[in-house]
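Novice: Protein chains in written order, with full-length UniProt numbering: chain R, 1 to 421; chain L, 1 to 421; chain Z, 1 to 421; chain P, 1 to 421.
We put the beta carbon where it would ideally sit given N, CA and C, even for glycine.
Since this is a predicted model, take the numbers as computed values, not measurements.
Below you will find the structure I want to go over with you.
There are 4 protein chains.
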Amino acid sequence: MSMSASVSTVLSGQPDIKAWQESLYKDLHAHPELSHQESRTAGIVAERLKEDGFTVHGGIGGTGVVGILENGQGPTVLLRADMDALPIAEATGLDYASTAVGMDAAGREVPVMHGCGHDVHVSCLLGAARLMARSRGSWSGTLVALFQPAEETADGARGMVDDGLVARIPRPDVALGQHVLARPAGTVSPHPGAFLSMADSVRITLFGRGSHGSMPHLSIDPAVLAAMVVVRLQGIVSREVQPGEFAVVTVGRIAVGAKSNIIDDHAVLELNIRTYDTSIRDQVLGAIERIARAESAASGSSREPEFEVYDSYPLTHNSSDVTQRVTDAFRDYFGGSVTDYGRQTASEDFSAIPYAFGIPYTYWGVGGIDPGLYRAAEEHGTVSADIPGNHSPRFAPVIEPTLETGTATLVVAALAWLGEG
Amino acid sequence: MSMSASVSTVLSGQPDIKAWQESLYKDLHAHPELSHQESRTAGIVAERLKEDGFTVHGGIGGTGVVGILENGQGPTVLLRADMDALPIAEATGLDYASTAVGMDAAGREVPVMHGCGHDVHVSCLLGAARLMARSRGSWSGTLVALFQPAEETADGARGMVDDGLVARIPRPDVALGQHVLARPAGTVSPHPGAFLSMADSVRITLFGRGSHGSMPHLSIDPAVLAAMVVVRLQGIVSREVQPGEFAVVTVGRIAVGAKSNIIDDHAVLELNIRTYDTSIRDQVLGAIERIARAESAASGSSREPEFEVYDSYPLTHNSSDVTQRVTDAFRDYFGGSVTDYGRQTASEDFSAIPYAFGIPYTYWGVGGIDPGLYRAAEEHGTVSADIPGNHSPRFAPVIEPTLETGTATLVVAALAWLGEG
Amino acid sequence: MSMSASVSTVLSGQPDIKAWQESLYKDLHAHPELSHQESRTAGIVAERLKEDGFTVHGGIGGTGVVGILENGQGPTVLLRADMDALPIAEATGLDYASTAVGMDAAGREVPVMHGCGHDVHVSCLLGAARLMARSRGSWSGTLVALFQPAEETADGARGMVDDGLVARIPRPDVALGQHVLARPAGTVSPHPGAFLSMADSVRITLFGRGSHGSMPHLSIDPAVLAAMVVVRLQGIVSREVQPGEFAVVTVGRIAVGAKSNIIDDHAVLELNIRTYDTSIRDQVLGAIERIARAESAASGSSREPEFEVYDSYPLTHNSSDVTQRVTDAFRDYFGGSVTDYGRQTASEDFSAIPYAFGIPYTYWGVGGIDPGLYRAAEEHGTVSADIPGNHSPRFAPVIEPTLETGTATLVVAALAWLGEG
Amino acid sequence: MSMSASVSTVLSGQPDIKAWQESLYKDLHAHPELSHQESRTAGIVAERLKEDGFTVHGGIGGTGVVGILENGQGPTVLLRADMDALPIAEATGLDYASTAVGMDAAGREVPVMHGCGHDVHVSCLLGAARLMARSRGSWSGTLVALFQPAEETADGARGMVDDGLVARIPRPDVALGQHVLARPAGTVSPHPGAFLSMADSVRITLFGRGSHGSMPHLSIDPAVLAAMVVVRLQGIVSREVQPGEFAVVTVGRIAVGAKSNIIDDHAVLELNIRTYDTSIRDQVLGAIERIARAESAASGSSREPEFEVYDSYPLTHNSSDVTQRVTDAFRDYFGGSVTDYGRQTASEDFSAIPYAFGIPYTYWGVGGIDPGLYRAAEEHGTVSADIPGNHSPRFAPVIEPTLETGTATLVVAALAWLGEG
């Protein structure tokens with residue numbers, strides 16, 4: 001049986017699961033869970049996989065779930081989805097919008113929302129798993145459906161690896177994943193090479209000396225110190241990184257003092273760094289440390305600044321062979337809807353999983369925005385203003401054709417290995 | 001009867017009130033109340049004044065209390081104390097330390113402490129009132145004992161004025177006040193001319209445009225904008241104010257963003273400005289506004305910054321005649337313990353009261369630190385390190401001779417008008 | 001006759017011109033002339049071209065020279081070289097090093113050196129012209145050899161155009177040019193698309209108010225203003241330009257004041273901007289102006305800054321068809337020595353000529369460094385330290401194989417149009 | 001004879017010397033000489049002193065001249081004037097304006113002008129010397145008239161000391177000097193305590209790494225480094241020096257690079273520091289060095305900055321006893337024209353002379369501006385705009401009453417010691 005024959009057969013089951021899948025999606029969307037707290041979602045996932053005949057391994061790295069479907073000789077293909085939501089107050093106005101409240105890591109009550117589309121990812125992967133399970137005659141090999149926790153905190157994939165993932169499931173030949181993005185629903189974007197950036201957050205604590213606001217001469221002013229560091233950091237991208245190389249140094253947070261007339265004794269900066277190249281990442285991190293130390297010295301601080309690197313995302317660098325194979329399969333099935341969105345500045349921890357197995361991978365984008373809306377915004381030049389992106393309180397993927405497309409991509413890509421015959 | 005005979009007679013009553021006054025002080029210290037919430041304190045004040053025969057007007061400007069003791073022909077002298085405490089967790093280790101908890105203006109529970117010595121002020125003024133009441137034969141005229149709320153929020157004195165103070169009590173000829181400071185107990189510091197600085201706080205909201213941390217080109221970065229404003233503000237004192245003129249521009253608070261990888265859409269700065277000259281105050285405030293507007297323009301912000309001036313304290317500029325008269329009286333009574341501490345960088349809202357009446361005033365300092373401790377720290381050059389100042393969680397005036405001195409100052413100063421015969 | 005047969009025949013003349021060409025090169029190198037002053041060089045060029053049977057048009061745009069060789073039916077190909085040198089004191093230690101002195105535009109005596117290799121360009125183009133003239137039977141069409149002045153001041157090519165170039169010579173079908181670079185001699189680098197950046201210089205005059213150094217309050221300090229502008233400009237590349245897009249904003253010159261104790265009344269900044277995209281160029285220039293204006297306002301300057309854009313170089317954006325054709329021809333002749341150096345950050349005014357004619361063009365690099373030296377530096381990772389680049393006082397192309405290669409490239413490329421038959 | 005009788009008698013000679021003195025002044029004004037080159041002026045001084053019977057010592061510390069007139073028993077009083085002019089092109093439009101050209105220390109031809117009024121100082125001291133010499137019967141003691149070179153370069157007074165001044169002339173009991181200032185002519189300003197500030201210039205060379213303007217990543221950008229240092233220096237006065245203390249840190253000169261598209265390898269800053277207190281001077285100089293070093297480190301510079309302190313002027317701190325004595329004498333003679341201009345921000349090297357002898361001194365100001373003009377400018381609030389100050393190309397003291405007043409001050413002050421009887 002040819003690959004495209006496999007694809008046709010397996011995907012012919014899509015109409016049958018449509019109502020089930022949409023209901024699943026709305027339920028997940030209405031019940032988002034914060035990173036590391038995805039127990040309800042993981043329960044649903046495990047139950048569905050079992051219904052479809054998968055062998056299920058739960059509780060890997062906390063709430064991680066892996067379903068395995070062995071179906072004769074052939075390659076092993078891993079498909080991955082992430083399950084967690086964000087501490088955002090949903091403002092979509094959807095009738096299935098979230099009103100959920102959670103407890104963040106600091107113990108504060110926060111609103112929770114699937115603001116990054118992981119509910120789409122879970123729904124599509126469960127849909128693809130069901131379709132594959134129902135058409136075992138059309139392919140052979142092993143399908144691994146992996147649902148990870150805590151992508152938003154950058155430690156869910158690594159957490160599963162640290163919890164013995166490699167030893168607990170069969171070694172895949174290839175790993176595949178996808179993300180819903182603010183592009184027209186129905187489109188698919190494979191991209192060879194660097195696709196998503198490395199990301200690192202750095203918390204810098206700068207030390208001054210406190211005093212009453214009327215007595216600056218007794219202080220080492222942390223507000224001036226923090227401001228100088230922020231200003232100085234601009235030179236890393238503008239002067240130190242080779243022109244045209246991708247590097248972002250964002251200071252997302254500055255926190256100094258609590259009251260106008262008290263000079264505090266320290267300042268906290270939280271930075272986010274984006275790069276596509278390890279040597280540039282190292283150059284940037286080194287420059288940040290150099291600058292913070294030297295500016296502390298310029299202020300006369302007697303205590304070295306402290307640095308904490310956190311939320312580090314690996315580079316997502318798609319294998320060219322794997323990407324070519326997936327792209328060819330997508331072109332066969334989706335035709336002109338395959339369009340390279342180009343390199344994305346976002347980040348993902350997905351690659352930690354293939355890295356642990358030492359296997360090649362590819363990761364692609366699928367559109368989630370009503371195509372008519374998107375086209376209108378494009379014509380008016382108002383895409384960035386009118387189309388809420390991932391992490392926006394108004395991010396609202398249109399259910400169809402998003403789910404249909406995002407399910408088909410997984411099936412088509414998996415069959416590029418499993419359907420060959 | 002000569003003035004010094006009046007002084008001797010009135011102050012001969014001090015030993016009799018000592019135990020009562022110390023007990024009063026410890027009770028007040030253990031039960032501090034936040035600004036505008038001084039109801040327990042005001043109740044105690046009103047009760048004691050009535051015991052001593054004063055006519056009491058309560059509830060002026062909220063919790064303000066004024067006691068009036070008419071005692072024949074002669075001038076009217078206003079003595080003033082402030083009653084409120086601070087949201088500080090006391091760390092003095094005293095056996096009468098505060099463990100009180102209050103509710104701040106934002107509705108948050110906060111610890112409360114008499115960290116600025118207003119309990120000393122109240123105890124001394126009640127003591128002086130009692131001594132004067134018990135020796136009516138030694139003086140003539142009218143004594144006004146005014147206890148104001150909310151000095152720490154800069155609106156207690158104005159609040160009493162706005163509530164009709166001028167119409168509700170006899171017009172004084174002179175107003176007198178004092179503050180306990182981190183100097184040797186037993187010393188007294190009158191100072192002619194500018195004694196305490198004007199203070200203003202300014203909250204600046206700067207507007208940028210939010211974006212994901214990986215997409216700075218879609219943002220107008222409020223962190224960079226805030227940093228540039230803080231840096232630029234340094235030039236006001238370093239280049240714009242005439243060298244040698246007193247001016248302080250402190251940025252006590254910078255608040256930008258909540259997370260490393262989100263570029264927020266605004267920044268908040270809270271500044272504190274100290275000056276002794278209205279024209280310099282206006283110059284500085286004008287420069288702050290000019291800089292914040294221009295830096296917003298430099299960032300390409302499409303929205304003008306917002307400015308809110310709050311916690312404005314007037315200049316405390318002691319009348320030279322009144323100060324000379326008080327100083328002469330202090331020298332007669334305290335001798336070598338009268339020592340000018342010089343101009344202080346702190347601020348006070350006391351002068352709003354004489355300003356409303358259009359009368360001259362003077363305001364002096366009294367020491368509150370164990371003289372032996374102070375001398376030792378001075379010898380080791382460690383005063384600023386070892387002697388906790390006002391607003392420190394460890395600020396702990398020694399009870400004696402602080403209360404005795406701070407009571408005598410009020411009596412001696414009042415008798416400089418009322419005791420002449 | 002096939003193209004490669006043409007190439008073999010024409011280039012078979014190279015050994016015969018070698019001694020002549022090297023002597024020509026050493027003479028040019030020892031006698032460099034500043035931009036717009038290339039009269040000696042232009043005289044040598046005109047004389048040689050006449051010797052070889054070219055019709056010569058001199059004095060176009062000052063010292064520009066064009067030689068035309070009509071050789072039957074066929075396309076017209078323009079080959080271009082630039083003739084001017086730089087105000088640099090040569091430090092190569094070569095026995096034919098320059099000791100020349102010239103007069104710069106400001107009337108100052110300055111040393112002069114062929115520090116950018118234009119002597120190589122002239123020698124190679126005269127060599128190629130001679131070879132083509134000696135083998136007229138191997139090609140047909142018209143060869144245009146153009147020698148332009150003043151590339152270093154960005155106005156030599158435009159000057160020839162403004163002086164009527166288009167009307168004075170036959171319209172070419174294609175324009176070709178090359179630059180010697182600090183890469184291994186013998187290598188050749190064609191590159192499709194953007195090859196050399198746009199460059200613009202901007203002179204900003206910022207206005208303050210002068211005063212004695214001891215009276216800053218009477219001044220508007222231009223040193224602080226200039227420093228703030230320089231600091232602020234860093235944000236253009238770090239925050240405003242899309243990450244990964246090429247943009248450089250260099251402040252090459254800051255000039256404020258003459259004496260430590262005088263506050264001057266203005267400051268001058270000289271910036272250099274490099275981009276590959278007109279919309280980014282416009283974005284950057286707009287941001288520079290916005291920042292300089294706003295920082296002047298932040299300083300309270302009463303006079304708007306002045307901007308002068310000068311030394312503007314157009315983008316060198318190689319035609320893909322033309323580049324492909326040249327690359328194919330290079331590969332045939334040079335084999336593995338054809339290696340894409342990639343996009344270069346330098347700039348050129350060459351493209352003003354094909355732009356004026358409305359014809360496609362390509363521009364390539366040729367190596368000029370002793371290959372053994374280059375390889376050794378590469379192995380030690382010391383290329384940037386050890387290999388002096390263009391504009392260095394030690395820039396010293398090795399004569400061979402630089403001249404042989406740079407001559408062959410011109411012949412091979414020209415014959416890609418003229419040698420086809 | 002009483003002091004005021006002495007004064008009357010000596011000053012009764014003023015009308016007789018008026019024409020001579022004005023002619024002398026115009027000649028000096030038209031023939032200014034740069035620091036260390038005052039040979040013509042010194043020749044005139046020596047000649048006039050000899051005419052008046054002084055014993056003259058010339059050539060002390062270069063062109064310094066001291067005249068000594070011994071006149072019986074009594075104290076020894078030193079009167080001092082400085083002789084040098086400035087490299088300024090005169091723009092007063094006076095008919096006796098300077099058109100002189102001199103050679104500066106760097107060997108460049110520069111215009112020369114008496115832009116600081118030292119011609120007034122010389123004319124007044126020669127006039128006072130003549131009056132004292134003609135009335136020897138009215139006083140007794142020794143008069144020392146000292147004319148020093150090179151005040152403008154801060155090394156003339158020290159140069160005379162280093163050349164043995166103390167051993168070569170009688171030890172004075174007191175030293176007296178004066179400066180003409182942009183205040184109403186006819187007024188005199190004695191001031192006890194700190195009168196003129198200390199001044200120091202600091203040249204900082206910051207080291208980066210050069211590169212082509214298009215390759216910032218290969219550079220360490222000295223323009224950004226210099227800008228950051230200038231910005232950072234603002235914090236010294238704004239945050240480190242105690243509020244209200246006098247301190248000025250002016251960056252008078254920034255010099256980076258020569259061309260927009262070349263990143264230079266170093267930057268030069270020239271700073272001027274003004275203080276009235278040695279401990280603040282040391283604090284400021286220490287902070288400057290700390291900041292320059294740390295900012296170099298923040299840029300990643302591999303070479304420490306270099307610092308050169310030059311043109312250091314000592315504090316002029318008038319003895320209170322001497323100043324009181326002079327002030328009393330001035331009040332007796334000038335009445336209401338004695339008016340304290342207050343502390344001046346300018347600097348002087350005069351005090352190096354009394355310091356070398358270990359004697360007390362005072363130094364006062366005399367007005368030099370037409371009183372009507374000054375009053376009008378004051379009324380319009382345009383003094384700083386309309387009245388050219390010292391060092392302005394338009395500084396033009398009105399001849400009378402400036403010379404008459406500045407001569408009388410010296411006589412009156414000297415007789416405060418010599419005229420007592």
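List the DSSP bridge partners of Pro25 of chain L.
Specialist: Within the second sequence, the letter at position 25 stands for residue 25 of chain L. A quick correction: the sequence has Tyr, not Pro, at residue 25 of chain L. The partner list for Tyr25 of chain L (beta bridge, DSSP) is empty, contrary to what the question assumes.
Novice: Is the stretch 299-314 of chain P close to the stretch 367-379 of chain P, with three or more CB pairs under 8 Å?
Specialist: Result no; under three Cβ-Cβ pairs closer than 8 Å.
Novice: Under 9 Å between C-beta atoms, does His212 of chain L make it to chain R?
Specialist: The residue given as residue 212 of chain L occupies position 212 in the second sequence. Yes, because at least one Cβ of chain R sits closer than 9 Å to the Cβ of His212 of chain L.
Novice: Under DSSP, the alpha helix (DSSP H) around Ala182 of chain Z begins and ends at which residues?
Specialist: Start at 1 with the first residue of the third sequence, and residue 182 of chain Z comes out as number 182. Unbroken run through Ala182 of chain Z is the beta strand (DSSP E), 174-184; no alpha helix (DSSP H).
Novice: Does any C-beta atom of chain R lie closer than 9 Å to the C-beta of Met160 of chain P?
Specialist: As a working note, residue 160 of chain P is residue 160 in the fourth sequence. Answer no: the Cβ-Cβ gap between Met160 of chain P and chain R never drops below 9 Å.
Novice: Does at least one heavy atom of the ligand GDP sit under 8 Å from the Cβ of Asp84 of chain Z?
Specialist: In the structure on display, the ligand GDP does not appear, and there are no ligands present to speak of.
Novice: Determine the direct distance from the alpha carbon of His118 of chain Z to that of Arg40 of chain Z, and round the result to whole angstroms.
Specialist: Translated into positions along the third sequence, residue 40 of chain Z becomes position 40. Translated into positions along the third sequence, residue 118 of chain Z becomes position 118. Using only the alpha carbons, I get a separation of about 14 Å.
Novice: Quick check on DSSP: helix, strand or coil for His57 of chain Z?
Specialist: Taking the third sequence and counting its residues from 1, the one referred to as residue 57 of chain Z is at position 57. DSSP places His57 of chain Z in strand when its eight states are reduced to three.
Novice: Measuring only the C-alpha atoms, how far is Val241 of chain R from Asp340 of chain Z?
Specialist: Locating residue 241 of chain R in the first sequence gives position 241, where the first residue counts as 1. Locating residue 340 of chain Z in the third sequence gives position 340, where the first residue counts as 1. Roughly 22 Å between the two C-alpha positions.
Novice: Just grab the DSSP bridge partners of Ile369 of chain Z for me.
Specialist: As a working mapping, residue 369 of chain Z is identified with position 369 in the third sequence. DSSP output for Ile369 of chain Z lists Z:Pro184 as bridge partner(s).
Novice: Using DSSP bridges, identify the partner residues of Glu306 of chain Z.
Specialist: Within the third sequence, residue 306 of chain Z is the residue found at index 306, counting from 1. For Glu306 of chain Z, which the question treats as bridged, DSSP gives the partners Z:Thr205.
Novice: Would you say Trp139 of chain R and Leu418 of chain R are within 9 Å of each other, going by their C-beta atoms?
Specialist: For this step, residue 139 of chain R is matched to residue 139 along the first sequence. For this step, residue 418 of chain R is matched to residue 418 along the first sequence. Their beta carbons are under 9 Å apart, which means Trp139 of chain R touches Leu418 of chain R by this criterion.
Novice: Verify whether the separation of the beta carbon atoms of Gly141 of chain L and Pro75 of chain L is less than 9 Å.
Specialist: In the second sequence, counting from the first residue as 1, residue 141 of chain L sits at position 141. In the second sequence, counting from the first residue as 1, residue 75 of chain L sits at position 75. Contact: yes.
Novice: Could you work out which residues of chain Z lie near Val241 of chain L, taking near to mean beta carbons separated by less than 8 Å?
Specialist: Taking the first residue of the second sequence as position 1, residue 241 of chain L is located at position 241. In chain order: His217.
Novice: What's the C-alpha gap between Met1 of chain Z and Thr407 of chain Z?
Specialist: As a first step, residue 1 of chain Z is located in the third sequence; it is residue number 1 there, counting from the start. As a first step, residue 407 of chain Z is located in the third sequence; it is residue number 407 there, counting from the start. With a pLDDT of only 45 at Met1 of chain Z, under 50, the local geometry of the prediction cannot be trusted, and the value read off the model is given with reservation. Spanning the two alpha carbons is a distance of roughly 22 Å.
Novice: By the DSSP assignment, the alpha helix (DSSP H) with Thr250 of chain P in it spans what residues?
Specialist: By one-based count along the fourth sequence, residue 250 of chain P stands at place 250. Run containing Thr250 of chain P: none in the alpha helix (DSSP H); it sits in the beta strand (DSSP E), 247-256.
Novice: What separation, rounded to the nearest whole angstrom, lies between the Cα atoms of Ala414 of chain L and Val268 of chain L?
Specialist: Position 414 of the second sequence, counted from the first residue, corresponds to residue 414 of chain L. Position 268 of the second sequence, counted from the first residue, corresponds to residue 268 of chain L. Taking the straight line from one Cα to the other gives about 46 Å.
Novice: Determine the extent of the alpha helix (DSSP H) in which Glu295 of chain L is found, giving its start and end residues.
Specialist: Stepping through the second sequence from its first residue, residue 295 of chain L is reached at position 295. First-last of the alpha helix (DSSP H) with Glu295 of chain L: 278-298.
Novice: Closer than 9 Å, CB to CB, is Gln283 of chain Z near chain P or not?
Specialist: Here the question's residue 283 of chain Z lines up with position 283 in the third sequence. No, Gln283 of chain Z does not count as interfacial toward chain P.
Novice: Determine the extent of the beta strand (DSSP E) in which Met103 of chain R is found, giving its start and end residues.
Specialist: Indexing the first sequence from 1 puts residue 103 of chain R at position 103. Looking at the DSSP string, the run of the beta strand (DSSP E) that includes Met103 of chain R is 101-103.
Novice: Does the Cβ-Cβ distance between Glu38 of chain P and Pro149 of chain P come in under 9 Å?
Specialist: Along the fourth sequence, read from residue 1 onward, the residue named residue 38 of chain P stands at position 38. Along the fourth sequence, read from residue 1 onward, the residue named residue 149 of chain P stands at position 149. For Glu38 of chain P and Pro149 of chain P, yes; Cβs fall inside 9 Å.
Novice: Would you mind reading off the limits of the beta strand (DSSP E) that contains Gly358 of chain R?
Specialist: As a first step, residue 358 of chain R is located in the first sequence; it is residue number 358 there, counting from the start. No beta strand (DSSP E) holds Gly358 of chain R; DSSP gives it neither H nor E.
Novice: The alpha helix (DSSP H) spanning Pro401 of chain R covers which residue range?
Specialist: Here residue 401 of chain R is taken as the residue at index 401 of the first sequence, counted from 1. Looking at the DSSP string, the run of the alpha helix (DSSP H) that includes Pro401 of chain R is 399-418.
Novice: Determine, for Gly252 of chain P, whether the minimum Cβ-Cβ distance to residues of chain Z falls below 9 Å.
Specialist: For the purposes of this step, residue 252 of chain P is taken as residue 252 along the fourth sequence, with counting starting at 1. Interface residue, yes.
Novice: Looking only at its chain, what residues have a beta carbon closer than 8 Å to the beta carbon of Ser312 of chain L, apart from the 5 residues adjacent to it on each side?
Specialist: Residue 312 of chain L sits at position 312 when you count from the first residue of the second sequence. Excluding positions up to five away in sequence, the list reads Ala154, Met198, Ala199, Asp200, Ser201.
Novice: Under a CB-based cut-off of 9 Å, is Gln234 of chain L close to chain P?
Specialist: In the second sequence, residue 234 of chain L corresponds to position 234, counting from 1. Yes, its Cβ sits closer than 9 Å to a Cβ of chain P.
Novice: Name, please, each residue of chain P whose Cβ falls closer than 7 Å to the Cβ of Val101 of chain Z.
Specialist: Walking along the third sequence from the start, residue 101 of chain Z turns up at place 101. Those within 7 Å of Val101 of chain Z in chain P number zero; the least Cβ separation is about 18 Å.
Novice: Going by alpha carbons, who is nearest to Ala145 of chain L out of L:Val188, L:Glu70, L:Ala85, L:Gly210?
Specialist: One-based indexing of the second sequence puts residue 145 of chain L at position 145. When only C-alpha atoms are compared, the closest one is L:Glu70.
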